[in-house]
C-alpha cells in the first residue's frame, strides 16, 4: 500500500489535454474537492491531542490503509468533477468527440509545506501533451493553483481570527467579573452607609424623646416651685395671724388649728423635699444621656 502511494506521488500524473483544470461552473466543485484533500492531509500531518493518543494506540498499517482509502476516494471525486467540467465545455464548444481521463491526479509531498497551506496539486502537463494544452488551459490551471493557495491563506486567517476572538472573549469575561466585583463592593458600601444612617436616625429619635422628657420634668419643677411659694405665703399669713391672735392664746381650738397648720406645713415641706430630690435625679439622668448621645454622635462622625 505504501509503495502505491509513493508511485502515485512521484508520477506527477497530470490531467490530459482533454481534461484541464475545471473552470467557470466547475470551479467551486473543484475547490471543494481540493479543500477536502487538504484538510485530510493537514489532519494527517498535524493531529490534535485526541488524534495523537489514537495514533499511539493504532498500528502504522491501519493509518496507512486509511490514508490510502481517503486518497483514492478524493482522486475519484476529482476525476468525476473533471469529467463533468469537460463534458460541459465540450457541449459549449460543440465538440463531438471526447476522450476519457484515465491518468490519476498526483499530490505533491507535504513534508516541506506549512500546515496552514493546503496540499499542492501537480497539474502541469506531461511532455507528450504540451501541444494539446492551450493558453486558456494554462490560465485555468494557474487559476486553480491560486484558488487553492488562497483557500489555505483564508484558512490560516480564519484560525487566527478565531484565536483572537477567543482572547477577546476571555478579556471580556475578565472585565465582566471585575465589574461584578466592583458592583458587589459598591452595594456592600451602600448597605453599610444605609445602616449607619438608620443608626443615626434612631439616636436622633432617642435624643428627641429624652429632650421631651426633660422639658416635662422642667415644667413639673416649675409647678412645684410655684406650689412651694404659695405654701410659704400661706405660712407667712398663718404666722402673722398667729402673732395677731397671741393674746387670745387661751382658745384651745386656736392652738389646735395652729398645730394642724404646722403639721400640714411640715408635710408639704417634706413632700417638696422629696420632689426636689426626684427632680435632681431626673436632671442627672438627662445629663448622662446627653453626654452619651454626644459621644455616640462623635464616634459615628469619626467612622463616617
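Numbering (UniProt numbering), first residue to last: 1 to 304. The beta-carbon is built from N, C-alpha and C at its ideal position, and this holds for glycine as well.
Q: Rank 267, 270, 228, 210 by C-alpha distance to the C-alpha of residue 290 and give the top, closest one.
A: For the residues 267, 270, 228, 210, the minimum Cα distance to residue 290 belongs to 210.
Q. DSSP state of residue 134, grouped into three classes?
A. In the displayed model, residue 134 falls within coil according to three-state DSSP, outside both helix and strand.
Q. Does the separation of the CB atoms of residue 214 and residue 293 fall below 8 Å?
A. In this structure, residue 293 does not lie closer than 8 Å to residue 214 by Cβ.
Q: Assuming residue 272 contacts residue 223 (C-beta within less than 8 Å), just tell me the rounded distance between them.
A: Going by Cβ atoms, the distance from residue 272 to residue 223 rounds to 11 Å, so no, they are not a contact pair.
Q: Using the Cα positions of residue 306 and residue 192, report the straight-line distance between them to the nearest angstrom.
A: Residue 306 lies beyond the stretch modelled for the chain, which goes from 1 to 304, so this question has no answer here.
**Q.** Candidates 262, 261, 144, 279, of which the one nearest residue 78 by Cα
**A.** Here the closest residue by C-alpha is 144.
Q) Out of 269, 258, 153, which has the shortest C-alpha to C-alpha gap to residue 229? A) The residue from 269, 258, 153 with its alpha-carbon nearest to that of residue 229 is 269.
Q: List the whole-angstrom C-beta distance separating residue 265 from residue 286, where the pair is believed to meet the contact cut-off of C-beta under 8 Å.
A: Their Cβ separation, rounded to whole angstroms, is 31 Å, which puts residue 265 and residue 286 out of contact at 8 Å.
Q. How about residue 217 and residue 282: are their beta carbons less than 8 Å apart?
A. For residue 217 and residue 282, yes; Cβs fall inside 8 Å.
Q | Among 163, 89, 233, nearest to residue 136 - alpha-carbon criterion | A | The shortest Cα separation from residue 136 among 163, 89, 233 belongs to 89.
Q.
Relative to the C-alpha of residue 276, which candidate in 226, 240, 233, 253 has its C-alpha closest?
A. Ranked by Cα distance from residue 276, the options 226, 240, 233, 253 are led by 226.
Q: Report the rounded CA-to-CA distance for residue 168 versus residue 68, giving the unit in angstroms.
A: Distance from the CA of residue 168 to the CA of residue 68, rounded to the nearest whole angstrom, comes to 41 Å.
**Q.** Residue environment, residue 152, which counts as buried when at least 16 other CB atoms sit within 10 Å
**A.** Burial is judged here by how many other beta carbons sit within 10 angstroms of a residue's own beta carbon; residue 152 has at least 16 and is buried.
(Q) Using CA atoms only, rank isn't needed, just tell me which of 175, 207, 76 is closest to residue 296. (A) Comparing Cα positions, the closest option is 207.
**Q.** residue 299 versus 241, 200, 233, residue with shortest Cα-Cα distance
**A.** Cα-wise, what sits closest to residue 299 is 200.
(Q) Using C-beta distances below 7 Å, list every residue in its chain close to residue 102, excluding the 5 sequence neighbours before and after it, in chain order. (A) Since pLDDT at residue 102 reaches only 44, below the 50 mark, its modelled position is unreliable, and the value read off the structure follows with that caveat. Around residue 102: no qualifying Cβ.
Q.
Under 7 Å: does the beta carbon of residue 215 sit that close to some heavy atom of the ligand ZN?
A. Ligands displayed in this structure: none; no statement on the ligand ZN is therefore possible.
Q. Would you say residue 222 reaches chain D, if we count a Cβ-Cβ gap shorter than 8 Å as a contact?
A. The structure shown contains no chain D; it is built from a single protein chain.
Q) Relative to the C-alpha of residue 220, which residue among 280, 161, 178, 196 is closest? A) Selected option, being the one with the closest Cα: 280.
Q.
Can you give me the C-alpha to C-alpha distance between residue 3 and residue 72, rounded to a whole angstrom?
A. With a pLDDT of only 41 at residue 3, under the threshold of 50, the placement of this residue in the model should not be trusted; the figure read from the coordinates follows. Looking at the two C-alpha atoms, the distance is approximately 14 Å.
**Q.** Euclidean distance between Cα positions of residue 174 and residue 140
**A.** Our two residues, residue 174 and residue 140, have alpha carbons roughly 50 Å apart in a direct line.
Q: Under 7 Å Cβ to Cβ from residue 284, same chain only, skipping five residues before and after it: list those, please.
A: If the five residues before and after residue 284 are omitted, its C-beta is found closer than 7 Å to no C-beta atom of its own chain.
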